[in-house]
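In the working numbering, the protein residues as written are 1 to 546.
For every residue, glycine included, the Cβ atom is placed at its ideal position computed from N, Cα and C.
Source: prediction; values computed, not measured.
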Amino acid sequence: MPCSVMRWVALGYCLAAALAGCDWVLGIQERLPIDAPPPLPPQWIAVAAGTAHTCAVGVDNSLWCWGENARGQSGQPDTIEELTVPTRVGDRLWTTVASSYDHSCAIDDAKAVWCWGANSQNAIGATTSVDHMAPTRVLEDATAVATGNSHTCAIRTDETLWCWGRNFESELALPASPNEPAPRQILTDRRWKKVAAGLFHTCGITTDGDLLCWGENLNQQVAIGGAANYEVPQPIEPGTDWIDVALHPLGTCAVRADGRLRCQGFNNHAQLGAITQGGVLVDPVPTGELGRTWTRVFASADQTCALRDDLSLWCFGNNAQHALGFAAPNDLAQPMRVAGGSEAWRHAAVGGRHLCALGADGALWCAGTDGAGQLGSGTGGSKVAHTQVPGTWRNVAVGSRSVCARDQDGAVWCWGANNAGQLGDGTYVAKQRPEYIVTGVVDRPLALGTDHTCAQTEGADPVIRCWGLNGAGQLGNGTSSNSDPSVKRVTTLSHPLQLAAGTHTCAVTTGDILNCWGSNSKGQLGFMPPPDPRTPYPNPVLLPAT
């Protein structure tokens, strides 16, 4: 899926939940492939996510919102509390949109800022504290807008900064006061090029490249070791040239002109790239590798691996049971170079507690726990050193406790856990060495879900074949039997270009058509339940007519 058209991306709770892969929250599991919404890049230029609502601007500059609307944050009448499909907001033309907890703001083609949603603390710039269900014009001549929990800031064409809304923690850089009901210019002695808003703090980058932050500082998100709140903006690393800034609710991350990343603030999930519960992290540059850049990244729930431009592979995160192949402590807060095996890598796949990486020479190496035989070594146990899987390989995919790889001839081989038949060999017996499964197409898609596998096979009319757990219909063969250890063809689909799997499966086919099937517990199939959730045929989901 091309991403050149995409300009801004924001992930909120609604999208994260849709990718979580839990079962039965919506009470529906699809058995057959269905059409998902059209891919975003060809159709959208901006997207923003609040706590439970999303807004996006189309390439035709139309604005659409969906999700929760109890306070008007999706821009629709108060009689509609929840929007299950994208719904157009007004008929104006828009250039960008920002969404936060319960309100949104957008800039139209005339450079005016409009806001809507929760207004109990004047976040949408209206003089009353009544929620607004439709866009309200707030400010003229704007080039950028940022939304916080209950405050909003915008930069105008003359590079001045204007803010309004909640100010209990001085998030408007004014003496602490309840609210500022209308836009007010702040920090008048500066000119600005970037602004970002967090839960109760704000940061901006001046045209000179200075990074300044103000507001709540209980988690050191504004200044290390300082006061609880800051009315006066605090410089971050004075004299440094900054180019971008983004805020966690209680943290701050910014990028310097030299390409390094600096974060500070609350760190309960290591979102700052460190194990500590707070403090500062400067992007760690491995010893002797100054000047190198990152080219690809691979991630699991709590581990990350990345390739550098010299084809070296580095990993960090949870190393319990030597999951990343290091003898170091369980948690690695800084990238460590993968040693042993190949010196030049082209791909890596990170599982629950194991890692498999493909060398540039086609050799496949695995490390970590081998309790189900997922390392392909035939010995079991855990391996600190990377162990080579016999053969020469083209690509590899990793599930929670199993591995599948495609050899130079296109054949698919699998090994590891097989409790749901995810190895596709017709049994439920785990395998400690690669087992031949099916003939496929060299360099074509291969995907492992939680406990099922899908691959493209060869022939004049290549198709998708899946095997393993099927309780949610993730095999796409028209049934929802608990599991099937034999290889099954996905009904109605052919010529796949990309495959991805979780508790569900998605495929991009020729014509750039996206189809998804399997569990829809979090809306991960891209549509809301049909009237009859048992409907055993493709269910197209299209954007509503303008």
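Below-8 Å beta-carbon distance, residue 264 vs any chain D residue: Judged by its chain identifiers, the structure shown contains no chain D, having just a single protein chain.
Secondary structure of residue 495, DSSP reduced to three states: coil
Alpha-carbon spacing of residue 69 relative to residue 120, whole angstroms: 15 Å
Residue 429, buried or exposed, once every other Cβ within 10 Å from all chains shown has been counted against 16: exposed
Residues of its chain near residue 206, where Cβ-Cβ distance is below 8 Å and the 5 sequence neighbours each way are ignored: 190, 191, 192, 193 and 212
Segment limits, beta strand (DSSP E) that includes residue 435: 431-439
Element boundaries [beta strand (DSSP E), containing residue 230]: 229-235
Option in 145, 327 and 391 with minimal Cα separation from residue 411: 391
Reduced DSSP category for residue 320 - H, G, I as helix; E, B as strand; rest coil: helix
Per-residue DSSP class, three states only, for residue 222: The answer is coil: DSSP assigns residue 222 none of H, G, I, E or B.
Residue from 319, 407 and 349 whose Cα sits closest to the Cα of residue 336: 319 is the residue among 319, 407 and 349 whose C-alpha sits nearest the C-alpha of residue 336.
Reference residue 87, options 490, 75, 396 and 118, closest by Cα: Ranking the options by Cα distance to residue 87, first place goes to 75.
Member of 433, 418 and 432 whose CA lies at the smallest distance from the CA of residue 426: Selected option, being the one with the closest Cα: 418.
Same chain, Cβ closer than 6 Å to residue 92, five either side skipped, listed in chain order: Result list for residue 92: 108, in chain order.
Simplified DSSP state of residue 62, which is helix, strand or coil: coil
Neighbourhood of residue 180 by C-beta distance below 6 Å, restricted to the same chain and skipping five residues each side: 164, 167 and 172
Any 3 or more C-beta pairs closer than 8 Å across the segment 344-362 and the segment 326-334: no
Residue 89 - DSSP class collapsed to helix/strand/coil: coil
Spatial neighbours of residue 345 in its chain, beta-carbon cut-off 8 Å, leaving aside the 5 residues before and after: 307, 311, 312, 313, 338, 357, 358, 359 and 360
Unbroken beta strand (DSSP E) run spanning residue 80, endpoints: No beta strand (DSSP E) holds residue 80; DSSP gives it neither H nor E.
DSSP state of residue 150 mapped onto helix, strand, coil: coil
Counterpart residues of residue 142 in DSSP-defined beta bridges: 156
CB contact flag (residue 142, residue 124, <8 Å): no
Cβ pair residue 217, residue 229 closer than 8 Å: yes
Which residues DSSP lists as bridging residue 481, in chain order: None; residue 481 has no bridge partner.
Sub-8 Å separation of residue 72 and residue 131 beta-carbons: yes
Enclosing beta strand (DSSP E) for residue 469 [first to last residue]: 463-469
Outcome for residue 226 when other beta-carbon atoms lying within 10 angstroms are tallied against a minimum of 16: exposed
Spatial distance of residue 200 from residue 150 (CA atoms): Going by the C-alpha atoms only, they are around 8 Å apart.
6 Å Cβ shell around residue 557 - same chain, five flanking residues per side excluded: Because residue 557 is not part of the residues shown, which for the chain are 1 to 546, the question remains open.
Element boundaries [beta strand (DSSP E), containing residue 124]: Per DSSP, residue 124 belongs to no beta strand (DSSP E) and is neither H nor E.
CB contact flag (residue 104, residue 65, <8 Å): yes
Per DSSP, cross-strand counterpart(s) of residue 71: Bridge partners of residue 71: none, in fact.
Boundaries of the beta strand (DSSP E) in which residue 98 is found, first to last residue: 94-99
Nearest residue (CA-CA) to residue 134, options 115, 144 and 126: 115
Spatial neighbours of residue 481 in its chain, beta-carbon cut-off 6 Å, leaving aside the 5 residues before and after: Counting only Cβ-Cβ distances below 6 Å, and skipping sequence neighbours, we find 470.
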